[in-house]
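>
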């Protein structure tokens with residue numbers, strides 16, 4: 224490691240002000256701090272600091288995402304071979320998924336980080352670690368069939384319009400990864416709905432199995448909730464959908480890790496599920512008696528295991544920057560997201576996946592929720608002063 | 067336990083460090099040079115009343131505050147004023163006294179403070195120089211004698227990392243603590259509050275004439291600001307006073323024995339201190355006398371106070387007026403290869419992102435490394451975990467950064483001090499200098515108000 228450090232120290236002057244590679248300072252700094260925690264010491268204030276930094280925090284989220292990524296890979300292979308009626312082993316499934324997903328990841332990270340570094344250089348600040356997570360979230364929210372140029376476009380869009388126009392990481396009021404997803408959803412609807420969820424690259428000598436349908440649970444549930452896969456399959460994730468979203472179990476494993484490490488807000492995660500479940504129960508009450516298979520009759524817990532509900536609750540709603548920031552605000556924020564998602568699913572079949580829109584919608588309202596919480600604190604103090 | 071109530075605090079964080087002081091008390095000889103340092107006292111403008119060559123007794127005035135001439139700052143020892151050390155713009159940094167061996171003190175009439183009027187108590191405290199150890203919230207300034215505080219607070223314990231055991235210290239001074247509390251009781255129409263730890267020593271438990279409250283919880287439960295917040299919070303236009311328990315003892319001595327000696331039992335702590343323990347000395351002694359051969363000298367950060375709010379210092383400095391502890395920890399100016407990726411069994415964090423959570427009782431030898439670079443504010447909910455006050459830390463900080471005085475008031479800036487936010491700064495993922503922001507905010511409000 225000493226040699227590496229010496230090398231960095233040797234080339235460093237080139238990247239500093241006046242050096243011949245000054246233009247690449249942000250990139251150099253990003254690599255240097257990636258390799259070595261800097262030798263900066265505390266000056267004023269506290270003399271010791273908690274060991275955690277933003278790199279470690281983001282790294283923790285990546286770890287929490289790994290179960291969904293790995294399961295997503297497996298499921299992509301599984302769904303593919305299922306469509307062609309091919310017997311396949313777990314390894315074959317995983318390998319197929321890996322080959323399909325790796326390019327999406329590479330493009331997402333490459334394009335997004337490139338723009339990040341560009342902005343850091345232009346503005347003279349350090350490259351933020353936030354994109355490490357965003358770069359993985361973007362592919363996980365997309366169908367495996369999304370063209371690579373579209374992933375690149377979404378990544379660039381996400382960094383520029385999702386973050387940098389608001390002043391960079393920490394200033395954005397909407398979840399950047401979801402914004403990228405929404406951008407693609409509205410700009411290229413044909414690529415993000417319908418028969419796009421399974422990679423249908425032809426298998427030599429095989430045809431699609433009879434009666435094959437590429438529709439997701441959310442697409443069928445609207446007409447007839449009993450046509451969805453079994454609750455077990457939906458919970459485990461043996462269904463069609465975006466790469467990372469299908470398995471509720473994997474999202475819950477990720478949630479457990481996020482909550483245990485203290486990185487994700489358990490208040491938000493719990494209240495999203497609570498909001499969804501209670502709204503589901505409420506829908507049961509309203510359900511029309513003459514249409515027994517109507518989505519309103521679906522058991523409330525169906526909503527929690529269908530589609531991207533769990534994925535959104537665990538990884539998207541908890542984005543600390545775009546979520547409510549007060550502790551009691553988080554309860555309200557999460558609850559509304561869960562409840563609104565179920566309402567969208569039931570009342571607006573044009574957007575079968577209500578989670579994405581619901582989170583983005585309440586991203587916008589999060590500051591308002593916080594405003595009321597803050598105001599309540601102010602009023603309490605005021606009342607005390609007047610006594 | 068004879069107390070008027072218990073307050074359980076859930077939020078906070080005990081930072082377990084290596085290097086607690088052992089319970090041994092060593093009396094130090096008074097060093098040759100002792101100094102009183104005006105910069106120890108925030109916002110005063112010193113006007114000298116002595117010049118080099120003057121002989122002074124302990125308790126004799128050295129300078130007073132230009133704007134409040136009744137505030138006298140007095141000599142901790144007897145001897146000759148040998149040097150006035152000045153800094154930029156002739157600002158007075160130190161008034162140095164060559165201590166003689168006579169230890170002559172100005173003599174006062176020993177008297178029970180309970181028999182005196184408020185004015186008599188005030189005058190004696192002002193006259194002797196003991197007054198400057200009574201401070202007020204908001205702003206942590208020296209209290210204004212003509213004001214009447216709504217209450218006076220004394221914290222009976224210090225919950226900071228490696229903090230001295232106040233119970234042990236108070237046991238060394240017998241009944242002087244009680245006499246000091248009696249004097250304080252004269253200063254307010256309200257109550258004198260004494261904050262107690264869960265297993266308080268008998269000196270604290272037996273204190274009379276005060277309202278006792280037990281605070282059960284992690285640091286900062288011992289902070290007087292946290293205790294005020296829970297017992298009798300400060301509203302706009304209100305003032306409360308607070309005094310450190312050791313200074314209560316000094317005040318007690320002033321009345322009971324008729325001498326003023328700003329004595330300090332200082333705890334020498336930290337992993338880099340080789341001889342840890344308690345040392346009896348006075349305010350202003352040369353640190354070399356305290357530290358020589360008792361701390362490592364290479365790559366060490368010396369701190370007057372504890373690791374959260376103390377001031378960086380050196381062996382050539384003098385013991386500051388409000389210092390009760392000296393901490394020596396390693397400097398952390400080293401690189402760490404992929405440090406953010408390691409399992410981190412030896413990395414202390416409030417979060418469980420490092421595996422150090424596996425061993426909850428481990429003590430750490432933490433250094434001064436920042437562990438990362440400053441970033442935009444991203445992670446939420448951390449400050450809230452360590453601030454046991456009904457205050458929204460993030461929003462208060464944002465109001466300060468936006469220079470929004472009205473919001474700052476509304477969100478409770480009068481109730482806080484830098485030290486109450488020290489843990490917020492410690493845990494901050496984005497490495498933001500939280501205490502500096504709070505101190506800027508307090509300064510802004512003080513100037514406007």
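Residue numbers (our numbering), protein chains in the order written: chain A, 224 to 610; chain B, 67 to 515. Cβ atoms here follow ideal geometry from the backbone N, Cα and C, with glycine treated the same way.
By how many angstroms is the C-alpha of residue 468(B) removed from the C-alpha of residue 474(B)?
Residue 474(B) sits at position 408 when you count from the first residue of the second chain. Residue 468(B) sits at position 402 when you count from the first residue of the second chain. C-alpha separation (whole angstroms): 10 Å.
> With 9 Å as the C-beta to C-beta threshold (strictly closer), list the residues of the stretch 393–415 of chain A near chain B in chain order.
393 and 394
> If you draw a straight line from the alpha carbon of residue 504(B) to that of residue 487(B), how long is it in whole angstroms?
Counting from one through the second chain, the residue named residue 504(B) turns up at place 438. Counting from one through the second chain, the residue named residue 487(B) turns up at place 421. Taking the straight line from one Cα to the other gives about 8 Å.
> Please name the residue, chosen from 228(A), 461(A), 385(A) and 310(A), that lies closest to residue 439(A) on a Cα-to-Cα basis.
Indexing the first chain from 1 puts residue 439(A) at position 216. With distances taken between CA atoms, residue 439(A) lies nearest to 461(A) out of 228(A), 461(A), 385(A) and 310(A).
> Is the beta carbon of residue 458(B) less than 8 Å from the beta carbon of residue 597(A)?
Mapped onto the second chain, residue 458(B) falls at position 392. Mapped onto the first chain, residue 597(A) falls at position 374. Going by C-beta atoms, residue 458(B) is nearer than 8 Å to residue 597(A).
> Shortest alpha-carbon distance to residue 300(B) belongs to which of 587(A), 609(A) and 487(A)?
Here residue 300(B) refers to the residue found at position 234 when the second chain is read from its first residue. Taking only the C-alpha atoms, the option nearest residue 300(B) is 609(A).
> Short of 7 Å Cβ to Cβ, which residues in the stretch 474–494 of chain B face chain A?
476, 477, 478, 488, 491, 492 and 493
> Grouping DSSP H, G and I as helix and E and B as strand, with all else coil, what is residue 248(B)?
Mapped onto the second chain, residue 248(B) falls at position 182. Residue 248(B) falls in the helix class under three-state DSSP.
> Taking DSSP's pairing of strands, which residues face residue 73(B) in a bridge?
On the second chain, position 7 is the one that residue 73(B) refers to. Answer is 281(B).
> State the DSSP-derived secondary structure class of residue 480(A), mapped to helix, strand or coil.
Mapped onto the first chain, residue 480(A) falls at position 257. In the three-state DSSP reduction, residue 480(A) falls in the helix class (H, G or I).
> Give a yes or no on whether 8 Å exceeds the smallest Cβ distance from residue 502(B) to chain A.
Taking the second chain and counting its residues from 1, the one referred to as residue 502(B) is at position 436. Yes, contact with chain A.
> Sorted by chain position, which residues of the same chain lie with C-beta nearer than 8 Å to residue 421(B)'s C-beta, five sequence neighbours on each side aside?
Numbered from 1 along the second chain, position 355 holds the residue referred to as residue 421(B). 409, 410 and 411, listed in sequence order.
> Taking the alpha carbon of residue 607(A) as the reference point, which residue from 268(B), 304(B) and 198(B) has its own alpha carbon closest?
Here residue 607(A) corresponds to residue number 384 of the first chain, with the count starting at 1. Ranking 268(B), 304(B) and 198(B) by Cα distance to residue 607(A) puts 304(B) first.
> Is residue 232(B) helix, strand or coil when you go by DSSP?
Translated into positions along the second chain, residue 232(B) becomes position 166. Correct three-state label for residue 232(B): helix.
> Cβ of residue 399(B) less than 8 Å from any chain A Cβ?
Walking along the second chain from the start, residue 399(B) turns up at place 333. Residue 399(B) counts as touching chain A.
> Please report how far the alpha carbon of residue 553(A) lies from the alpha carbon of residue 373(B), in whole angstroms.
The residue you call residue 553(A) lines up with position 330 of the first chain. The residue you call residue 373(B) lines up with position 307 of the second chain. The straight-line gap from Cα to Cα measures roughly 33 Å.
> Should residue 527(A) and residue 499(A) be called a contact, given that it needs their Cβ atoms to be closer than 8 Å?
Taking the first chain and counting its residues from 1, the one referred to as residue 527(A) is at position 304. Taking the first chain and counting its residues from 1, the one referred to as residue 499(A) is at position 276. Cβ distance < 8 Å, so residue 527(A) and residue 499(A) count as in contact.
> For a contact defined as C-beta to C-beta under 7 Å, what are the partners of residue 601(A) on chain D?
Note that chain D does not occur in the displayed structure, where the protein chains are A and B.
> Cβ of residue 257(B) less than 8 Å from any chain A Cβ?
For this step, residue 257(B) is matched to residue 191 along the second chain. Answer no: the Cβ-Cβ gap between residue 257(B) and chain A never drops below 8 Å.
> Mind listing which residues of the stretch 263–291 of chain A have their C-beta closer than 7 Å to chain B's C-betas, in chain order?
Sequence-ordered contacts of the stretch 263–291 of chain A with chain B read 263, 264, 265, 267, 268, 269, 270, 271, 272, 273, 274, 275, 276, 277, 278, 279, 280, 282 and 283 [C-beta pairs closer than 7 Å].
> Relative to the C-alpha of residue 323(B), which candidate in 135(B), 293(B), 178(B) and 263(B) has its C-alpha closest?
Looking up residue 323(B) in the second chain gives position 257. The shortest Cα separation from residue 323(B) among 135(B), 293(B), 178(B) and 263(B) belongs to 178(B).
> Please report the straight-line C-alpha distance between residue 335(A) and residue 362(A), rounded to a whole angstrom.
For the purposes of this step, residue 335(A) is taken as the residue at position 112 of the first chain. For the purposes of this step, residue 362(A) is taken as the residue at position 139 of the first chain. Taking the straight line joining both Cα atoms gives about 12 Å.
> If you scan the stretch 162–231 of chain B from start to end, which runs of the beta strand (DSSP E) of 3 or more residues do you find wholly inside it?
200–203 and 217–221
> Comparing the C-beta of residue 373(B) with each C-beta of chain A, is any distance below 8 Å?
For the purposes of this step, residue 373(B) is taken as residue 307 along the second chain, with counting starting at 1. It does; some Cβ of chain A falls within 8 Å.
> When the Cα atoms are used, what is the spatial distance from residue 182(B) to residue 193(B)?
Indexing the second chain from 1 puts residue 182(B) at position 116. Indexing the second chain from 1 puts residue 193(B) at position 127. Roughly 15 Å separates the two Cα atoms.
> Name, in chain order, the residues that DSSP records as bridge partners for residue 146(B).
Taking the second chain and counting its residues from 1, the one referred to as residue 146(B) is at position 80. Residue 146(B) pairs with 121(B) and 164(B).
> From the beta carbon of residue 258(A), is the nearest beta carbon of chain B less than 8 Å away?
On the first chain, residue 258(A) is found 35 positions in, with the first residue counted as 1. Interface residue, yes.
> Going by CA-CA distance only, name the one from 481(A), 346(A) and 369(A) that's closest to residue 282(A).
Residue 282(A) sits at position 59 when you count from the first residue of the first chain. Closest option to residue 282(A), Cα to Cα, is 481(A).
> Looking at C-alpha atoms only, which residue of 112(B), 174(B), 330(B) and 145(B) is the closest neighbour of residue 353(B)?
The sequence position of residue 353(B) within the second chain is 287, counting from 1. Looking at the Cα atoms, 330(B) is the closest of the given residues.
> When the Cα of residue 360(A) is compared with those of 562(A), 540(A), 564(A) and 576(A), which residue comes out closest?
As a first step, residue 360(A) is located in the first chain; it is residue number 137 there, counting from the start. Nearest option by C-alpha distance: 540(A).
> Jot down the residue ranges of each uninterrupted alpha helix (DSSP H) in the stretch 498–570 of chain A, minimum 4 residues, whole runs only, in chain order.
Restricted to the stretch 498–570 of chain A, the alpha helix (DSSP H) segments that are unbroken, complete and at least 4 residues in length are 523–528 and 550–570, listed in chain order.
> Measure the alpha-carbon distance for residue 346(A) versus residue 409(A) and round it to whole angstroms.
Translated into the one-based positions of the first chain, residue 346(A) becomes position 123. Translated into the one-based positions of the first chain, residue 409(A) becomes position 186. Roughly 31 Å between the two C-alpha positions.
> Once you ignore the five residues that flank residue 340(B) on each side, which residues in its own chain have a CB closer than 7 Å to its CB?
Working through the second chain from its first residue, we reach residue 340(B) at position 274. Around residue 340(B): 360, 361 and 362.
> Nearest to residue 277(B) by CA position, among 93(B), 259(B) and 289(B), is which residue?
As a first step, residue 277(B) is located in the second chain; it is residue number 211 there, counting from the start. Out of 93(B), 259(B) and 289(B), 259(B) has the C-alpha closest to the C-alpha of residue 277(B).
> Chain B beta carbons: is any one of them nearer than 8 Å to that of residue 452(A)?
By 1-based counting over the first chain, the position of residue 452(A) is 229. Not an interface residue.
> Span of the alpha helix (DSSP H) holding residue 279(A)?
Against the first chain, residue 279(A) aligns to sequence position 56. Run containing residue 279(A): 277–306, per the alpha helix (DSSP H) assignment.
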